[in-house]
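In our numbering, each residue's number is its place in the sequence shown (first place is 1) plus 1216. Note that CB positions come from ideal geometry on N, CA and C, so glycine has one too. The structure under discussion appears below in the form of structure tokens.
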Amino acid sequence: EQHDVVVVGGGPAGLALTAALSQSDALTQTHSITLVEGGSLDQTRGWSPRENEYSNRVSSITAENKHWLIQTGIWKHLDEARTRPLSELQVWDGLSNARIEFHGGDDWDAAFAAAMRPRRANMSTMVENLNLQRAALRRIDECARDRPGNKRIELLDGNRVEAIERVEGGWPVLNLRNSKSGRTRRIRARLLIGADGANSPVKAYSNIESFGWAYDRHGVVATLAVDPLVPGQGMNTGWQRFLPEGPIAFLPVSDTHASLVWSTTPAYAALIKSLPLEVLAPLVDAAFTLPHDQLTSFLDSLIPPPEPLSGSPPAAAPLDAPALVNRLQGLLVAHSQATYDPSNPAAPLPPSVVSVQPSSVASFPLRLSHTSSYLGLPTPPPPPPPPAPSPSTDVMAPVAAADIAQDMRTVLVGDAAHTVHPLAGQGLNLGLADSRSLSTLLTRLALQGADLGAYLSLKPYPKERYLANHAVLSACDHLASLYARTDPVSVWARSTGVEVLNELGPVKDLIMRRAGSAAAADR
């Protein structure tokens, strides 16, 4: 089967890209759009969570990406009641308590003037990934339904990519197998887009190499229920404390719930996941409050001793949840009493956690990676069989110049091209920015009548995105390395730098602008 644009991967970036392409009249009037996804999209399409339950996969969407999602018609299909604007970010050092605050600009209006307080412009918006994926699916379905005169828009979910072959002319052919029926299908793509994650089959087919490293850290995620003294108090603020093992972040998703992302060692991550939920709730409070040595001392006391080299391992002692809760509460009370100073108010902290949503605790390994290219590089075609000698001469016919190199007709977006430390919440934002850039380019190429899969046609995409992505990956990697250091000189240097930066409003505005904050962009 002949298809024009084929997107492999039904994650947020792949679905958003497909939706953006589907709503482009310039593109869909002349080209078919196909999405291939190994799993079923029925569960995503029918996602209907309970009112007070939230997914543990949540992303902070920048104002730039939100604007694009509005333009493409995706945002209107979101359940906005399940999104949360963030107008402030509190970040501090877990060893020195040096703190930096980011916030939106003061935006006065009549509704807030009566209360004599400014409304904060939003820095970003917290959105559950499933909410975004469902919205993109609804937009794709809407485009397919309302634009019958255009070429087909097709979703091939439940079809796993078993192999990708290269045929005459360099066009990629996907061998698909349906997970339910077992039937196979072969489709040929004018342009093959890999939005299929870090282990991308499209990347492997394209012979694109990746560089990077594992952090020897895991990210623990969970959904937290909080009980603020004032409903919603502190729930438009993101909170992040940098510990030597990794940062812990509290990201509100409603007046009463927040998402936890705790980067730490594999041993601590395994321990945290094994704890009873009633222990994990005060432990999160402790991780934002206690001195680092007290926190690690508590965690270390719960890690079982290593197994002996021979013989049966000792039986792990069962955890006494009530005793652990009392112990944590005692540590928190003692710390509060020891640091109380009526003349020097304590720095703000996130609202206290009252419970952890069942089945929401999970973890994933952290890794930095970046491909050497976002495009499959032109390569020589398979050598043809040697022709028979000419009757009049033994000289073989020359190879045509057009046969020397063929375009690979592949391009990567999102995690297929790069993965980043989650400390800045930029993973999905980079993927959406990739999708935004590529969809804009493909629309322009369609208007020009260009070949969408040609290498030269696609070169503006990596020119726009590669260095921008690499700058974010590098910044996050350097921050993770900087805050992992515990020597006094490093702690003093970074703390002094943070305290100075906190007083430099224009510099903080520049940082927010680079991160896509509406507050900075509007100034």
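- Taking a C-beta distance under 9 Å as the contact criterion, VAL1222 and THR1246 do not qualify as a contact pair.
- Secondary structure of LEU1639 (DSSP, three-state): helix.
- When DSSP reads this structure, ASN1452 sits in no beta bridge, so it has no partner.
- In this structure the segment 1709-1716 does not lie against the segment 1661-1675, because fewer than three pairs of beta carbons, one per stretch, are closer than 8 Å.
- Around the beta carbon of THR1702, fewer than 16 other beta carbons lie within 10 angstroms, which makes this residue exposed.
- A residue is called buried once 16 or more other Cβ atoms fall within 10 Å of its Cβ, and PHE1458 is buried on that count.
- Between ILE1409 and VAL1688, the C-beta gap is not smaller than 9 Å, which leaves the two residues out of contact.
- Taking the CA atoms as reference points, SER1422 sits about 36 Å from VAL1577.
- Per DSSP, the unbroken alpha helix (DSSP H) holding ARG1354 starts and ends at 1345-1362.
- Annotated three-state conformation of GLU1267 is coil, per DSSP.
- Assigned with DSSP and collapsed to three states, ILE1488 falls in helix.
- Out of LEU1646, SER1655, ASP1443, the CA that lies nearest to the CA of SER1571 is found in ASP1443.
- Ranked by Cα distance from LEU1285, the options LEU1302, LEU1257, ARG1350, TRP1387 are led by ARG1350.
- Distance from the CA atom of SER1559 to the CA atom of ALA1314, rounded to whole angstroms, is 19 Å.
- Cβ contact annotation for GLN1456 (same chain, cutoff 6 Å, sequence separation greater than five): VAL1307, PRO1463, ALA1465, in chain order.
- By the Cβ neighbour-count rule, GLN1239 is buried, with 16 or more other Cβ atoms within 10 Å of its own.
- Annotation for ILE1286: the continuous alpha helix (DSSP H) segment containing it runs 1279-1287.
- In this chain, TYR1590 is not harboured by any beta strand (DSSP E), its DSSP state being neither H nor E.
- The criterion of a C-beta distance shorter than 9 Å is not satisfied by GLY1592 and TYR1677.
- Looking only at ARG1368, GLY1647, ALA1297, the smallest Cα-Cα distance to ASP1241 is reached by ARG1368.
- Exclusion of the five residues before and after ARG1401 leaves LEU1392 as the residues of its chain whose Cβ lies within less than 6 Å of its Cβ.
- According to DSSP, GLU1304 shares a beta bridge with HIS1319, THR1453.
- Fewer than three pairs of CB atoms, one per stretch, sit closer than 8 Å, so the segment 1267-1278 makes no contact with the segment 1384-1398.
- In terms of CA proximity to SER1589, HIS1634 leads the group ALA1554, PRO1567, HIS1634, PRO1561.
- Membership of ALA1700 in the alpha helix (DSSP H) is indicated by the continuous run 1676-1700.
- Counting C-beta pairs closer than 8 Å gives three or more between the segment 1498-1507 and the segment 1540-1560, which meets the contact rule.
- Looking at the DSSP output, ARG1402 sits in a beta bridge with ASN1391.
- For VAL1222, the secondary structure class from DSSP, reduced to helix, strand or coil, is strand.
- Segment contact: the segment 1252-1268 against the segment 1422-1438, fewer than three CB-CB distances shorter than 8 Å; contact not assigned.
- For LEU1294, no beta strand (DSSP E) encloses it, and the DSSP letter there is neither H nor E.
- Within the segment 1643-1668, the runs of alpha helix (DSSP H) at least 4 residues long that lie entirely inside it are, in chain order, 1643-1664.
- Less than 9 Å divides the Cβ of VAL1707 from the Cβ of ASP1309.
- Between ASP1471 and LEU1584, the C-beta spacing is not below 9 Å.
- With respect to the 9 Å criterion, ASN1718 and GLU1317 are classified as neighbours on the basis of their beta carbons.
- Straight across, the Cα-Cα distance linking LYS1675 with LEU1657 is about 10 Å.
- Judged by pairs of C-beta atoms under 8 Å, the segment 1477-1487 touches the segment 1425-1436, as three or more such pairs exist.
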